[in-house]
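To keep things clear, I will list the structure first and then write my remarks on it.
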Amino acid sequence: MTTFITGGASQIGLGLARRLHQADRSILFGSRAGRGTDGFAWVPFDWDDASTFENAFKRQDIKPVESVYILPAVAIDPLPKVAPFIDLAIEKGVKRFVVISAADCPKGGPEMGAVHGYLEKVVLKKRGLIDYVALRPTWFTDNLSREQYTHIKEHDEVVTPLHKARVPFIAVEDIAQAAFEAIVHEGVIDPEDKANSEPILIGPNLVSYDEVAQILSTVLGRPIKHRTISRDEALAQYISYGFPEASAKIVVEVELSLDKGSAERLMTDDEFAVVRKVGKVGVQEYVEKNKGIWLK
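The opening position of the sequence shown corresponds to residue 1 in UniProt numbering, with each subsequent residue numbered one higher.
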């Protein structure tokens, strides 16, 4: 059967698609552009246009869609846009939903947490017939090659509002693997089975941003420093990355909580032992593998 992947050519979506393809699984992408890449089938799909939702189920040249990977719309409350698609997908025979949430995003809370909470609600109503997995990664290692890219390459620095935070950074590669395992998991996933329905995804090591800068310095062969900025500067930075102001404010507050150990506890506290899923790619390995990105 087919997996429908929302979010266009997102890094996780492409990583998931390649793994599904290697496993001889059918894949269909949805994007606003409606154009394909890497040889995968695509249809027009836009969270802001509910008339495109049916496109996921109209293709006659592929197997029926039975699983969906959801990258929610970027919004404080994406649920008004995402819930109608979830309802439609259930009507069309979808049996499993895999959604990207976040380790620090409470179920039923703002942003992705709202979608997570809604999925639990509808799954409990149809228990045994459909299921869901809410992947809850901590901070991405790959942000070093995205938000931090220009800082590192052009200014030889990593810029954050943090002082002492240690984070078990998770690589997109490991998140894509977790998404793949969620899609191909055999049997119905019980929503009470939090290890499988709500796994927290962390990397193999706790690393501070000072240590990230040291790793970059060693691998790139030039000094890279960690520069700490103010809350207001961090907010302006996220807005410059394209975040809506309301979302940027939430991200900054969540990021500042890292200095209080919010991410460190995911690796060290026993209460997370059952639900945490540890990836394989550490910061050192990621930087070594991708060092060409930041070379001058």
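The beta carbon of each residue, even a glycine, is placed where N, CA and C say it ideally should be. In this text, all values refer to a predicted model and were calculated from it rather than measured experimentally.
Task: T138 and G242 closer than 9 Å at C-beta - done: In the sequence shown, counting from the first residue as 1, residue 138 sits at position 138. In the sequence shown, counting from the first residue as 1, residue 242 sits at position 242. Contact flag unset, no.
TODO: Could you tell me which of T160, Q177 and L295 sits nearest to G279, measuring between CA atoms?
DONE: Locating residue 279 in the sequence shown gives position 279, where the first residue counts as 1. If we check each option's Cα against that of G279, Q177 comes out closest.
- [ ] Measure the alpha-carbon distance for L216 versus E173 and round it to whole angstroms.
- [x] The residue you call residue 216 lines up with position 216 of the sequence shown. The residue you call residue 173 lines up with position 173 of the sequence shown. Going by the C-alpha atoms only, they are around 19 Å apart.
Open item on the list: I'd like to check one pair, P64 with V99: are the Cβ atoms closer than 9 Å?
Closed with: Taking the sequence shown and counting its residues from 1, one reaches residue 99 at position 99. Taking the sequence shown and counting its residues from 1, one reaches residue 64 at position 64. Result no, Cβ atoms of V99 and P64 do not sit closer than 9 Å.
Open item on the list: Do L201 and I175 have their beta-carbon atoms positioned less than 9 Å apart in this structure?
Closed with: Residue numbering aside, residue 175 sits at position 175 when the sequence shown is read from its first letter. Residue numbering aside, residue 201 sits at position 201 when the sequence shown is read from its first letter. The answer is yes: Cβ separation under 9 Å.
- [ ] Ignore the nearest five residues each way along the sequence and tell me which others in P84's own chain have a CB closer than 8 Å to its CB.
- [x] Within the sequence shown, the letter at position 84 stands for residue 84. Closer than 8 Å at Cβ, skipping near neighbours: A50 and F53.
Task: Cα-Cα separation, S101 to E120 - done: Working through the sequence shown from its first residue, we reach residue 101 at position 101. Working through the sequence shown from its first residue, we reach residue 120 at position 120. The alpha-carbon atoms of S101 and E120 are separated by roughly 13 Å.
TODO: Go ahead and pull the three-state DSSP assignment for I175.
DONE: Residue mapping note: residue 175 aligns to position 175 of the sequence shown, counting from 1. In the structure shown, I175 sits in a helix (DSSP, three-state: H, G or I).
- [ ] Could you tell me which residues DSSP pairs with W42 in its beta bridges?
- [x] Taking the first residue of the sequence shown as position 1, residue 42 is located at position 42. Per DSSP, F29.
- [ ] Compute the Euclidean distance between the alpha carbons of E271 and N290, then round it to the nearest angstrom.
- [x] As a position in the sequence shown, residue 271 is number 271, starting the count at 1. As a position in the sequence shown, residue 290 is number 290, starting the count at 1. Those two C-alpha atoms are separated by around 34 Å.
Open item on the list: Given a cut-off of 9 Å on the beta-carbon distance, is the pair P161 and L256 in contact?
Closed with: Taking the first residue of the sequence shown as position 1, residue 161 is located at position 161. Taking the first residue of the sequence shown as position 1, residue 256 is located at position 256. Yes, Cβ-Cβ distance for P161 and L256 is below 9 Å.
Open item on the list: For I293, tell me which candidate among T150, A33 and W47 has the shortest Cα-Cα distance.
Closed with: Here residue 293 is taken as the residue at index 293 of the sequence shown, counted from 1. Minimum Cα distance to I293 is reached at T150.
Task: Exposed unless 16 or more other CB atoms sit within 10 angstroms - verdict on E253 - done: As a position in the sequence shown, residue 253 is number 253, starting the count at 1. So E253 counts as exposed.
Open item on the list: Checking 9 Å against the spacing of the C-beta atoms, do N196 and V133 come in under that value?
Closed with: Residue 196 sits at position 196 when you count from the first residue of the sequence shown. Residue 133 sits at position 133 when you count from the first residue of the sequence shown. Closer than 9 Å, so yes.
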